[in-house]
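Just so we're aligned: the sequence shown equals residues -21 to -1, 1 to 654 in mature numbering (1 follows the signal peptide of the UniProt record, and there is no 0). Each residue gets a CB set at the ideal place from its N, CA and C atoms; glycine is no exception. Single-structure report; data block below.
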Amino acid sequence: MKTYLLSALMLGLLATAGVQAQPKLAGVDRAGADTSVRAQDDFFNHVNGRWLAQTEIPADKSSWGSFEKLDDDTKPQLRALIEAAANDSSKQAGSDAQRIGDFYASYMDEARLEQLGLSPIQPELDRVAALRDKAQLPALFAHYHRLGVTAPFGFLIHQDNKDSTRYVADLAQDGLSLPDRDYYLKKSDRTMADTLAKYQQHVSRMLALAGSTQPDAEARAIVALETALARLQWDKVALRDPVKAYNKVPLAQLNKLAPGFDWTTWLADTGIGGKVDYVIVSQPSFIKGVNGLLQTTPLATWQAYFRWQVIHAHAAYLSQPFARENFAFYGTVLSDVKEQQPRWKRAVNATDGALGESLGKLYVQQYFPAERKARMEALVQNLLAAFRQSITTLDWMGPATKQQAQDKLSKFMVKIGYPDKWRDYSALTVKADDLVGNVQRSHAFEYAKEVNKLGKPIDRAEWGMTPQTVNAYYNPELNEIVFPAVILQPPFFNADADDAVNYGAIGAVIGHEISHGFDDQGAQYDGDGNLRDWWTAADHKNFAARSKMLVKQYNAFSPLPGYRVNGELTLGENIADNSGAAIAYKAYQLSLQGQPAPVIDGLTGDQRFYMGFAQVWRSKTRDAQQIVYLKADPHSPDRFRANGTLRNQAGFYNAFEVKPGDKMYLAPKERVNMW
């Protein structure tokens, strides 16, 4: 690849981003490495092997690694902020401090929850019991959309994929209580069949706790209904196709799609009716199928199903018998977690979930100094510059498509740290003695916020994550990349380390998110967020050929006996991993400004770069949880996010002298270079 010198402005930004004349640290955790494993044979274990051998997954976790540790390290900080708010004697009723403190207090008041037992959800159980006709089900669906209780289908509010100037309601399949349809349908898989059997037993136990006189029979009927829903659902690969999922249906035509369903009532009760004249139906065949199930399934089965869904949605917020049984299945059976998290951690999670930006505002004030944002802004601009150059030098893309790609990249919106405008939670009522009520009101508050977007201008300042979320994302509809405050710290960014390891870590994360704008899904959207084909036929063909090669590579990976990575499900993330690492490496080379990188602790700059990359994916996962991930998660297992990516990187071969016969080796014609 060709390189070019950065502009004077970019060099100034890099100076603030941490380019050092005298690097202090290599930033590589040599103590976690296993040098008995050759880098050329298994780089993930070479860098992380000793850590893997010596580290036990905490008893209250299903997996443990860089992301989980940073999240766990953040929990005590959030707890201190919450408890300070709770103990603030000057707080006013209706203030952020009051809501944060009282929500947390309501979760921590175990004695009251034991006293209340089932009573907090009894009104909802009575609502279900009062049903006298299946014609009442559409109204019940709409009611439970507001409360966050699962129904056979739901909807979300987002930008119209073909008109990025307006919001639209998008109907989507739902209705299952297990992570994926395969848990109901793959009878030949012993693990999944066993999980389904244990799930039915769990449903029965929960119904019995709630007073059912026929819990076993009801549980069988519920599992049979969910299995029927699973047969109707599109699989995870089909769900990745945004064109196939864009089905614009005028409201008046919904009756033709599902003539037995009372759409007039549903539209009125959801609040959608009157605000839009059409909806998007993501999976029309599923909606048609649900309409058939409504006709053929007895009312008693629907009542049992919704009683279960009400209990399931609230179990974690009820007395110990419900909370314990809920954890026994969803924690231990599904994910093999040994112990439930301490109550204070669960309380922090719940408070964070309900009042994320209020808590995020406190977090940023305490833990995110302004200079960190400046560092991140500079790093992102450097990665964007590298991506811009990479598009120019692509050998498989023609000039017309390159021009469109550059136009899209020029329109990227970058959000770093925290929102410019914080959310107003003043309409949310929180009481210190009403946990279930707080949860329900929080769901209704979020629901109202979303539905009220209809008919209004697009809010391009809105964030989809809180500042304290250990993650990052790309949104194709807004054409934006978003990096919450918490991620700009070790192991992703180490201010005391040489730049090489930081470009390999946080640089690759940034490159990953940029690359999502050009993965197999993101590349179908233009720079304004519209689903539009901006590719030539020849470039489509070239892109598809490289994608097919990547699918084949990842299909061959097996994290567990009998289970393989689904290369089609994980394609978008695999493209982003591979392209992100390549762009981060290019950006690192640019940051050197033509000078050789220093050798630190016997490691070259390129070696430190790739070791920093592999350190980010350091993790261990319990087998049961790994199966959940393989079925439902679009990311590949972390081991293959490291090794699978690096086998395609020319710089990696040079840095570690990887040659034919080495296990990490791929012949040049088999390597995939996308961006």
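The region 35 to 48 and the region 61 to 69 do not touch, with fewer than three beta-carbon pairs separated by less than 8 angstroms. Two segments are said to touch when three or more pairs of C-beta atoms, one from each, lie closer than 8 angstroms; by this definition the region 24 to 33 touches the region 580 to 594. The alpha-carbon of E459 is positioned some 20 angstroms away from that of R351. Using a Cβ distance threshold of 8 angstroms, T206 and Y163 count as a contacting pair. The criterion of a C-beta distance shorter than 8 angstroms is not satisfied by L49 and V327. Taken through DSSP and simplified to helix, strand or coil, M528 comes out as helix. The DSSP-derived three-state label of S143 is strand.
With fewer than 16 other CB atoms across the displayed protein chains lying within 10 angstroms of its CB, E318 is exposed. The way I'd put it, the region 293 to 306 does touch the region 410 to 420; three or more beta-carbon pairs between them come closer than 8 angstroms. Taken in chain order, the complete alpha helix (DSSP H) segments of 4 residues or longer contained in the region 593 to 647 are 602 to 611, 617 to 625 and 629 to 635. Taken atom to atom, the span from the alpha-carbon of A65 to that of Y83 is near 8 angstroms. Taking C-beta atoms under 8 angstroms as the contact rule, V359 and I489 qualify, at a distance of about 6 angstroms. If you ignore the 5 residues before and after K400, its C-beta comes within less than 8 angstroms of the C-beta of A440, all in its own chain and listed in chain order. Within the region 261 to 287, the complete alpha helix (DSSP H) runs of at least 4 residues fall at 263 to 275.
Closest in alpha carbon position to V182, among A200, M392 and T170, is A200. When the alpha-carbon of K428 is set against those of D403, T445 and P446, the nearest one is in D403.
Secondary structure within the region 194 to 261: the beta strand (DSSP E) runs of 3 or more consecutive residues, fully enclosed, are 227 to 229 and 257 to 260 (chain order). Remark: fewer than three beta-carbon pairs, one from each stretch, lie closer than 8 angstroms, so the region 159 to 177 and the region 73 to 83 are not flagged as touching. Remark: C-beta atoms of Y453 and G377 do not approach each other more closely than 8 angstroms. Residue environment for E649: exposed (fewer than 16 other C-beta atoms within 10 angstroms of its C-beta).
Secondary structure within the region 381 to 424: the beta strand (DSSP E) runs of 3 or more consecutive residues, fully enclosed, are 392 to 396 (chain order). Taking the Cα of W213 as reference, the smallest distance to any Cα among A108, K227, V260 and K177 is reached at V260. A residue is called buried once 16 or more other Cβ atoms fall within 10 Å of its Cβ, and H519, having fewer, is exposed. By the neighbour-count definition (other C-beta atoms within 10 Å, threshold 16), V578 is an exposed residue. Annotated three-state conformation of F471 is coil, per DSSP. The continuous alpha helix (DSSP H) containing N328 extends over residues R322 to A333. In the structure shown, V544 falls within a coil segment according to DSSP collapsed to helix, strand and coil. In this structure, the alpha-carbon of V637 lies about 18 angstroms from that of G581.
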